[in-house]
Amino acid sequence: MTEKSPFDEEDELHYRSPEEEKKATEEKQKKKILCCLAYFLGLLFFLPLIFWPKDDFAKFHANQSLVILLASVISSIVCGLLGRIPGIGVLFGILGGVIGILLVVACVLGILSVVREEKKALPLLGLFHIIK
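Take 1 as the starting number for the sequence shown in the UniProt record's numbering and just add one per residue.
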């Protein structure tokens, strides 16, 4: 049994003409592109919400993108401030770099989830739900 894509919810309701099918495919592509942009450029996390405010797929990925953005901002501020402490500041500088790399990996995982049309929560960051 195959798992259904969140994009296929309407497919069971009625048959689509070729024009409707083409339009639906274009809409899916737009949604995927904007969700990917939300991960790639964190400040654009709201774009999927503007175009598809009631769509669960768009909300899910906008939320994941927002969580990554907030984690990035908070870790940058904390590591930046603690990095100024003489003696142990270097450790916080290294920690900030490691966190930055992990957040880039999280963005890549989020983009892969969008491309695969999945709503797969990110490790650790997926526990936070800001956008309901």
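Here a beta-carbon is modelled for each residue, glycine too, at the ideal position from N, C-alpha and C.
When DSSP states are grouped into helix, strand and coil, residue 118 belongs to the coil group. With contacts defined as CB atoms closer than 8 Å, residue 61 and residue 48 qualify as a contacting pair. The residue from 71, 28, 107 with its alpha-carbon nearest to that of residue 128 is 71. Taking C-beta atoms under 8 Å as the contact rule, residue 107 and residue 40 qualify, at a distance of about 7 Å. In this structure the region 94 to 102 lies against the region 71 to 86, because at least three pairs of beta carbons, one per stretch, are closer than 8 Å. Just measuring C-alpha positions, the residue of 20, 19, 58, 16 sitting nearest residue 30 is 58. Under a 10 Å Cβ-count criterion, residue 68 is classified as buried, with 16 or more other Cβ atoms of the shown protein chains found around its own Cβ. In the structure shown, residue 87 falls within a coil segment according to DSSP collapsed to helix, strand and coil.
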